[in-house]
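Numbering (our numbering), first residue to last: 129 to 216. Below is one structure; the comments refer to it alone.
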Ligand SMILES: [Zn+2]
């Protein structure tokens, strides 16, 4: 398992983003990474590393598409926007 957050050479945090669906990668498999939104796989070198400050706070995790990302556990990929949990 590989870390999905890293520091670049300037010491800034970067987050692994799926190149296929643009969601956050929760874990990076080897040798291939699976995109749960599309069912496709891609190489680890294709992971997009985006500065944490540039990633919108509402960006969800790719893997949430298989475990259900709201209280009704909708397993359809991208069936709804993730607006829950943000407002306390
Ligand atoms: Zn994806």
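Ideal placement from N, C-alpha and C gives every residue a C-beta, glycine not left out.
CB contact flag (residue i, residue j, <7 Å)
i: residue 170; j: residue 191; result: no
i: residue 189; j: residue 154; result: yes
i: residue 187; j: residue 152; result: yes
C-alpha distance - residue i paired with residue j, whole-angstrom precision
i: residue 175; j: residue 144; result: 6 Å
i: residue 183; j: residue 142; result: 9 Å
i: residue 150; j: residue 160; result: 17 Å
i: residue 166; j: residue 156; result: 16 Å
i: residue 147; j: residue 138; result: 23 Å
i: residue 202; j: residue 140; result: Bear in mind that the predicted position of residue 202 carries a pLDDT of just 47, short of 50, making it unreliable; the figure below should be weighed with that in mind. Taking the straight line joining both Cα atoms gives about 35 Å.
Of the residues the options, the one placed nearest residue i, counting alpha carbons only
i: residue 158; options: 152, 166, 172 and 167; result: 172
Item to check | Within 7 Å of ligand 1: residues by beta-carbon to any heavy atom | outcome: Taking each Cβ in turn, the ones that pass are 146, 148, 149, 151, 163, 164, 165, 166 and 190.
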